[in-house]
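Contents: one structure, followed by commentary.
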Amino acid sequence: MSADASDLSLVRRVQRGDKGAFDALVLKYQHKLVKLVMRYVRNPAEAEDIAQEAFIKAYRALPQFRGDSAFYTWLYRIAINTAKNAVVSRDRSPIEYDLDRNSSDESYDMQGRMKDSETPEGLVLTDEIRSTVNAAIDALPEDLRTAIVLRELEGLSYEEIAAAMDCPVGTVRSRIFRAREAIDRRLREVFEGGLGRAEELG
Amino acid sequence: MNEELDSQLSAMFDDELPTEECELLARRLSRDEQLKARWGRYAVMGAVIRAERGVRLNASLAGRVSAVLLAEPALLATGAGALRRAGLRWWQPLAATALAASVAALSILWLRAQVPFAGTPAAGLAAATTTLPRPAVLPARSAATSRAADSYVVPRPSAPPPVAVPSTELANYVVAHSMFSTPVARRNLLSAFMTSEPAAAGAEEALDNVKSAAH
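This is the structure we're talking about:
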């Protein structure tokens, strides 16, 4: 098994003309990328626009991606450059520059800014997703919770988690999977319900 | 849904699935919307656990990107080739360049050595005849005389080829291989070649020498 094998297998499919495989890469990294871009722009909607642009640039540049580095490292660089360029071009615009100056103090309220660009429904749904996942994690048996948190929060490999929890690697894989299954059962309802509500509003 | 498949998906999400299984699952993931949605929810879980504040967890970024890419042509297969090419050894282009340079140098030396004999084409022709005996032509030729009606072989022309032909052939050879030689080596070779033009009868031998040195 090689590090980044799953990303590479998806990348190869995209390079062979399978656009569906690129969806999987976007789904996997969209939150990380938006979070990364928000170091440069604080408006979540703007960060999403920049992240979207970065993904599209990455797609167009994928034929040149040779796999010398991990896919996310490569994507990360594209996103950073896109964000920097966006900041430079925004700062050249006098109106947006003034808006940015007004909101660049230390006590900047991200949630307040978020409300400017986010619909109430979207905010509620985001909060609902967050609280559902947290509640589901709290309800997990201790061994499952430890395994998923070590993986997602600490970024440990299965082997490292196995060493930390003193169990075989296969057990770690099974625990993480079962934790995800338990969380997913609750999360799916929120997504399906949320989508239903969004459709009603639309 | 198949529990084993979901278990594989979870391991793939963590980059903990063996490569060969990744290949198979990537294929399925790219086509199965249900599986893709589950994959997306795994990402949401991670974002919540890492407390990625300010990130909209219900953002349809994937949908937006997908909508934009819908108008784009699918990528060509060159990318996969690029991945394979990344495995090429670094010394291969260098070795090709070195070989081409040595061929060029040898041909320059040889051509310079021929210059004193430029005024005696007959000598060069004799040398070419002695050093490079023509292939024992041709079974078909004798067959042509005995069984002309059955032969499908075009008989060779009886007259010797014009003197200019080997020169042209050598020039073409040099041009064709110029991509592997340095500009200086190329210029030297061509100038040496031009000065030896009167001894064109020897050029055929030069060509053969250059080719044999190259291979």
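First to last, the sequence lines map onto chains A and B. Just so we're aligned: 79 in this note's numbering is position 76 of the first sequence, and the numbers increase by one with no gaps anywhere. Just so we're aligned: 836 in this note's numbering is position 13 of the second sequence, and the numbers increase by one with no gaps anywhere. Every residue gets a Cβ at the ideal spot worked out from N, C-alpha and C, and that includes glycine.
Compare the C-beta of residue i against all C-beta atoms of chain A and say whether one is closer than 8 Å.
i                 : result
LEU828 of chain B : no
ARG861 of chain B : yes
ALA923 of chain B : no
ILE931 of chain B : no
ASP837 of chain B : yes
ARG851 of chain B : no
ARG879 of chain B : yes
What separation, rounded to the nearest whole angstrom, lies between the Cα atoms of residue i and residue j?
i                 : j                 : result
GLU895 of chain B : SER883 of chain B : 19 Å
VAL40 of chain A  : THR920 of chain B : 45 Å
ALA890 of chain B : ILE164 of chain A : 39 Å
ALA50 of chain A  : LEU128 of chain A : 19 Å
LEU147 of chain A : ILE53 of chain A  : 36 Å
GLU145 of chain A : ARG19 of chain A  : 43 Å
PHE58 of chain A  : ARG873 of chain B : 22 Å
ALA64 of chain A  : LEU934 of chain B : 49 Å
SER9 of chain A   : ALA73 of chain A  : 11 Å
ARG864 of chain B : LEU126 of chain A : 17 Å
ALA24 of chain A  : ALA142 of chain A : 33 Å
PHE887 of chain B : ALA48 of chain A  : What sits at residue 887 of chain B in the sequence shown is Arg, not Phe. In a straight line, the C-alpha of ARG887 of chain B is about 13 Å away from that of ALA48 of chain A.
GLN55 of chain A  : ASN84 of chain A  : 13 Å
LEU893 of chain B : VAL136 of chain A : 32 Å
Quick one, which of the options has its alpha-carbon nearest residue i's?
i                 : options                                : result
ASP130 of chain A : B:ARG887, B:ARG864, B:ASP829, B:ARG876 : B:ARG876
LYS87 of chain A  : A:TYR62, A:THR76, A:LYS60, A:VAL44     : A:VAL44
LEU36 of chain A  : A:LEU190, A:LEU128, A:TYR79, A:ASP10   : A:TYR79
PHE194 of chain A : B:SER925, B:LEU934, B:LEU880           : B:LEU880
ARG154 of chain A : A:LEU143, A:VAL175, A:THR135           : A:VAL175
ALA68 of chain A  : A:VAL17, A:ARG42, A:PRO47, A:LYS38     : Residue identity check: residue 68 of chain A is Phe in the sequence provided, not Ala. Here the closest residue by C-alpha is A:VAL17.
ALA82 of chain A  : A:GLN33, A:LYS22, A:ARG15, A:ARG191    : A:GLN33
THR149 of chain A : A:ALA138, A:ARG178, A:ILE132           : A:ARG178
TRP862 of chain B : B:GLN831, B:VAL878, B:LEU892, B:ARG873 : B:GLN831
ILE132 of chain A : A:ALA142, A:ASP187, A:SER12, A:ARG95   : A:ASP187
VAL14 of chain A  : A:ASN46, A:GLN55, A:GLU56, A:ALA61     : A:ALA61
ASN46 of chain A  : B:VAL878, B:ASP855, B:LEU858           : B:VAL878
ASP71 of chain A  : A:LEU11, A:VAL91, A:GLY23              : A:LEU11
PHE836 of chain B : A:ILE151, A:ALA167, A:LEU190, A:ARG191 : A:ILE151
ASP21 of chain A  : B:ASP829, B:GLU839, B:ARG854           : B:ARG854
PHE180 of chain A : A:GLY196, A:ILE140, A:SER134, A:ALA167 : A:ILE140
GLU823 of chain B : B:SER925, B:ALA927, B:ALA885           : Residue 823 of chain B is absent from the structure shown; chain B starts at 824 and stops at 1038.
Which class does residue i belong to by DSSP, given the choice of helix, strand or coil?
i                 : result
LEU880 of chain B : coil
CYS845 of chain B : helix
PRO825 of chain B : Going by the sequence as given, residue 825 of chain B is Asn instead of Pro. Looking at ASN825 of chain B - three-state DSSP - the assignment turns out to be coil, as it is neither helix nor strand.
ARG16 of chain A  : helix
PRO171 of chain A : coil
LEU71 of chain A  : The sequence as given places Asp at residue 71 of chain A; Leu does not occur at that position. Of the three classes helix, strand and coil, the one that applies to ASP71 of chain A here is coil, per DSSP.
ARG155 of chain A : At residue 155 of chain A the sequence reads Glu, which differs from the Arg that was named. Three-state DSSP puts GLU155 of chain A in a helix.
ASN105 of chain A : For ASN105 of chain A, the predicted model reports a pLDDT of 45, less than 50, meaning its position is unreliable; a value from the coordinates is still stated below. Residue state, collapsed to three classes: helix.
GLU875 of chain B : coil
MET835 of chain B : helix
PRO896 of chain B : coil
VAL91 of chain A  : helix
ARG166 of chain A : Note that residue 166 of chain A is Ala in the sequence shown here, rather than Arg. Helix, per DSSP.
Any beta carbon of chain B sitting closer than 8 Å to that of residue i?
i                 : result
THR149 of chain A : no
ALA54 of chain A  : yes
ASN84 of chain A  : no
VAL37 of chain A  : yes
ILE81 of chain A  : no
ASP7 of chain A   : yes
LEU13 of chain A  : yes
GLU3 of chain A   : The question about residue 3 of chain A has no answer, for chain A in this structure spans 4 to 205.
THR129 of chain A : yes
ILE20 of chain A  : Note that residue 20 of chain A is Gly in the sequence shown here, rather than Ile. Closer than 8 Å to some Cβ of chain B, the Cβ of GLY20 of chain A qualifies, so yes.
PRO66 of chain A  : yes
VAL136 of chain A : yes
GLU163 of chain A : no
query = Should the region 842-849 of chain B be regarded as contacting the region 156-174 of chain A, the criterion being three or more beta carbon pairs within less than 8 Å?
reply = no
So does the region 163-181 of chain A actually touch the region 846-861 of chain B, counting three or more Cβ pairs closer than 8 Å? As far as the Cβ criterion goes, the region 163-181 of chain A does not touch the region 846-861 of chain B, which means the pair count is below three.
Using 8 Å as the Cβ pair cut-off and three pairs as the minimum, do the region 71-78 of chain A and the region 20-36 of chain A touch? yes
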